[in-house]
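Respectively, the protein sequence lines represent chains A and B. For the first sequence, the tail end lands on 281 under the working numbering, and the numbers increase by one without skipping. For the second sequence, the tail end lands on 595 under the working numbering, and the numbers increase by one without skipping. Even glycine gets a Cβ: it sits at the ideal position worked out from N, Cα and C.
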Amino acid sequence: MTRLNRPRLQSQANLLLIYLIMIVVVTVITFPYFYMISMALMTEAESAAIPGRFLPAIPQWQNFQVAWGRIQGLRPYLNTLIVAGGVTLVQLFTSSLAGFGFAKYRFPGRDLVFLLLLGSMTIPLFINIIPWFWMINQIDINNTLLGVMAPHFVTAFGVFMMRQFMLDIPDDLIDAARMDGASEFMIYRTVALPLCGPALATLGAFAFLYHWNDLLWPLIVLSDRANWTINLAVLALQGYMGVSRYLQIAGGAMSVIPVIILVIVLQRYFVQGTALSGIKG
Amino acid sequence: MNPLAGREAVAPNQPRPGRRISIAQRRERWGFLFVLPVTLFLLIVILGPLLFGFWISLHSWNPLASLTEAKWVGWRNYEFLLTLDKRFLPSLINSGYYAVARVIGNVVIGLALAMLMNYPKLKGLRFWRVALFLPMATSPVVLGHMWANMFHKDFGILNTITGFLGFPAVGWMTNPDTALIAVIIMGTYQFVGYYAIVFLAGLQGIPEEYAEAASIDGANGWQQFWYITLPQLTPVIAFVTVMSTISGLQVFDLVISSTDGGPADATNTVVLQMYKTVFVNGRAGQGAAMAFILFAILMALSVIQLRLLREQRS
Numbered sequence: 001m002t003r004l005n006r007p008r009l010q011s012q013a014n015l016l017l018i019y020l021i022m023i024v025v026v027t028v029i030t031f032p033y034f035y036m037i038s039m040a041l042m043t044e045a046e047s048a049a050i051p052g053r054f055l056p057a058i059p060q061w062q063n064f065q066v067a068w069g070r071i072q073g074l075r076p077y078l079n080t081l082i083v084a085g086g087v088t089l090v091q092l093f094t095s096s097l098a099g100f101g102f103a104k105y106r107f108p109g110r111d112l113v114f115l116l117l118l119g120s121m122t123i124p125l126f127i128n129i130i131p132w133f134w135m136i137n138q139i140d141i142n143n144t145l146l147g148v149m150a151p152h153f154v155t156a157f158g159v160f161m162m163r164q165f166m167l168d169i170p171d172d173l174i175d176a177a178r179m180d181g182a183s184e185f186m187i188y189r190t191v192a193l194p195l196c197g198p199a200l201a202t203l204g205a206f207a208f209l210y211h212w213n214d215l216l217w218p219l220i221v222l223s224d225r226a227n228w229t230i231n232l233a234v235l236a237l238q239g240y241m242g243v244s245r246y247l248q249i250a251g252g253a254m255s256v257i258p259v260i261i262l263v264i265v266l267q268r269y270f271v272q273g274t275a276l277s278g279i280k281g
Numbered sequence: 282m283n284p285l286a287g288r289e290a291v292a293p294n295q296p297r298p299g300r301r302i303s304i305a306q307r308r309e310r311w312g313f314l315f316v317l318p319v320t321l322f323l324l325i326v327i328l329g330p331l332l333f334g335f336w337i338s339l340h341s342w343n344p345l346a347s348l349t350e351a352k353w354v355g356w357r358n359y360e361f362l363l364t365l366d367k368r369f370l371p372s373l374i375n376s377g378y379y380a381v382a383r384v385i386g387n388v389v390i391g392l393a394l395a396m397l398m399n400y401p402k403l404k405g406l407r408f409w410r411v412a413l414f415l416p417m418a419t420s421p422v423v424l425g426h427m428w429a430n431m432f433h434k435d436f437g438i439l440n441t442i443t444g445f446l447g448f449p450a451v452g453w454m455t456n457p458d459t460a461l462i463a464v465i466i467m468g469t470y471q472f473v474g475y476y477a478i479v480f481l482a483g484l485q486g487i488p489e490e491y492a493e494a495a496s497i498d499g500a501n502g503w504q505q506f507w508y509i510t511l512p513q514l515t516p517v518i519a520f521v522t523v524m525s526t527i528s529g530l531q532v533f534d535l536v537i538s539s540t541d542g543g544p545a546d547a548t549n550t551v552v553l554q555m556y557k558t559v560f561v562n563g564r565a566g567q568g569a570a571m572a573f574i575l576f577a578i579l580m581a582l583s584v585i586q587l588r589l590l591r592e593q594r595s
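Listed below in structure tokens is the structure:
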């Protein structure tokens, strides 16, 4: 008995230590979020106290109301929802359609196009910014939400991911649908697409998150305040001289709330997708 | 009009393509149609602009002016950036420091966290992972600003904490020597959880028999880590290293929201410099040249890194 107990005690001490470290790590990681809320609830004087304070004496809940007005209320949220939601939906459609084509059809030039597509994944976004700016000016969609969305309607990674997923769909299933007289597009819609639920959810979750948080391209396209996305509204709030610190923080905190909810609700897909991204290597 | 639709309508009148072939052909066309939107997009929105961007980099042009006003300058934009310009090369070096420091931080801390989370009896994995994922999901505009406030010399909570411990206040964001370090800390904070999750998946993919066999052979914890875990994880680490370097060299949001490149350009990064050159100062040719120099570096890096790690593996 005693001989068996020692390693067990040892492993229990290890486990305790690991829990302790993890709690410290998570505390450090979540600290900026809690402190964000704390600072957002401070008075003017408290947020400028030297040295910095941890908590407000009395939480100033009306700060959020003021900040809400400063970022133009619901408007930037709606704009961001249109951009992120629109891009996500179109990407899901183009990615799954092309993924299906690459996975299940043979046609001349297929492998060449696919190779080009794979290669294009190494092209960073910043390099096309200037040409895109010229292009959206040419077709007169500068300063519109469409202008923000347009260059993102296709994602090479999404096509690649959907193709990998669709390769696993048995050909028998597709042939059976053909026997039943389904058109090729119907096969895509009623056979292939429903089988790709998890892949679509993962792709969609990441696309939405990415475009909710995107800054560089919206910053270039959207000059008109009415079209600002939430990030632009918050960035502008941060940059205004004379906007109190606690209001800047409150505005930022409000912009993060939808993302936190999204991450918690769709955590399965985010974690899976993240894990997946390393396995390719 | 869709040219394919027309051809299909004609098909039955043609001499004798044979029914089987015509079905195969029709299928071929559908396959082609399925990838057509993506192909067109690739040509018009990705590859075309890439060439156009390179053309711009050989010109002097204000992005708001008509294209006919672009003046041919040859390689002079590149020459200027690499020799005379006082801001471009320092910004490149800043981005380089940031990217390298972040890679090291992400790999070392991320791996350590993943090893902890891989401990068999640890509960609450879902909670740990979501908490770790959060910074990566949060807008860098908000995080950068928040961290800048926490790093603030006078009001910052970090100096309050170090003050309790008896250290003097540090002007993290106002001192050119420490500002980049502060930005590196922010960046590492933002992505370390993401890499921990990636590494954890890699660790979970290593067959348990390996560790068992090693411990039967008398390998201790460190030996197991060096000779089994690490080699098994090499492909994942390679991937993370490449990705982290490439994304690190492109850092923009985190910087514009925290320091805006200051103080005294100490945290000015390439993409920030490019953004300002093009969209604040109206010098698109110079900005495009910057983009292509950075692009060349990114390409070279990923080729070198992947080759190095492949050699290591074999």
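So within the region 320 to 383 of chain B, which uninterrupted alpha helix (DSSP H) runs reach at least 4 residues, ignoring any that extend past its ends? 329 to 338 and 357 to 364
How many Å lie between F31(A) and Y470(B) at the Cα? 11 angstroms
Would E44(A) and Y269(A) be called neighbours here (beta carbons separated by less than 9 angstroms)? no
Report the three-state DSSP secondary structure of Q72(A) (helix, strand or coil). coil
Going by the beta-carbon positions, is the gap between S376(B) and L530(B) smaller than 9 angstroms? yes
Is R368(B) near the ligand ADP, with its Cβ less than 8 angstroms from a heavy atom? In the structure on display, the ligand ADP does not appear, and there are no ligands present to speak of.
Which residues in the same chain as Q272(A) place their Cβ atom closer than 7 angstroms to its Cβ, once the five residues preceding and following it in sequence are excluded? T202
Along the region 89 to 107 of chain A, where does the CB come closer than 9 angstroms to a CB of chain B? Name the residues. F93, T94, S95, L97, A98, G99, F100, G101, F102, K104, Y105, R106 and F107
Does DSSP put S244(A) in a helix, in a strand, or in coil? coil
Counted within 10 angstroms of its Cβ, other Cβ atoms place Q238(A) as buried (16 or more) or exposed: buried
Sufficient close CB pairs (3 or more, under 8 angstroms) joining the region 538 to 555 of chain B to the region 450 to 464 of chain B: yes
Can you grab the Cα-Cα spacing for the pair K104(A) / T419(B), in whole Å? 37 angstroms
Tell me the start and end of each unbroken beta strand (DSSP E) in the region 141 to 218 of chain A that is at least 3 residues and wholly inside, in chain order. none
Interfacial residues, the region 420 to 432 of chain B to chain A, with Cβ spacing under 8 angstroms: S420, P421, V422, V423, L424, H426, M427, W428, N430 and M431
Assuming contact is defined by CB atoms lying nearer than 9 angstroms, are F322(B) and T94(A) in contact in what I supplied? yes
Residue closest to A545(B), alpha-carbon to alpha-carbon, out of I374(B), P330(B), A460(B) and L446(B): A460(B)
Flag this pair as yes or no: are the beta carbons of V423(B) and V256(A) separated by less than 9 angstroms? yes
Count the CB pairs spanning the region 569 to 578 of chain B and the region 335 to 350 of chain B that are closer than 8 angstroms, and state whether there are at least three. yes
Using only the alpha-carbon positions, how far apart do W311(B) and S303(B) sit? 12 angstroms
Proximal chain A residues relative to Y475(B), where beta-carbon distance stays under 7 angstroms: T274
Determine the direct distance from the alpha carbon of R407(B) to that of A275(A), and round the result to whole angstroms. 13 angstroms
Neighbourhood of A393(B) by C-beta, 6 angstroms cutoff - its chain only, sequence neighbours within 5 removed: none
Taking only the alpha-carbon atoms, compute the straight-line gap between L118(A) and V154(A) and give it to the nearest angstrom. 13 angstroms
Compare the C-alpha of T515(B) against each of R410(B), R591(B), P416(B) and A346(B) and name the closest. R591(B)
Starting from the N-terminal side, write out each stretch of the alpha helix (DSSP H) that is 4 residues or longer and does not extend beyond the region 464 to 517 of chain B. 489 to 497 and 502 to 505
Return the CA-CA distance between V354(B) and T144(A), expressed in angstroms with no decimal places. 33 angstroms
So, is V221(A) buried or exposed, given that buried needs 16 or more other C-beta atoms within 10 angstroms? buried
Using a Cβ cut-off of 9 angstroms (strictly closer), state whether N231(A) contacts chain B. yes
Could you confirm whether any beta carbon from chain B is found closer than 9 angstroms to the beta carbon of T122(A)? yes
Show which residues of chain A have a CB atom less than 8 angstroms away from the CB atom of T441(B). P51, G52, R53 and F54
Would you mind sorting Y240(A) into buried or exposed? The rule is 16 or more other CB atoms within 10 Å of its CB. exposed
Check the Cβ-Cβ distances between E309(B) and every residue of chain A, and say whether any is below 9 angstroms. yes
Relative to the alpha-carbon of V559(B), which residue among D180(A), N128(A), Y188(A) and I174(A) has its alpha-carbon at the smallest distance? N128(A)
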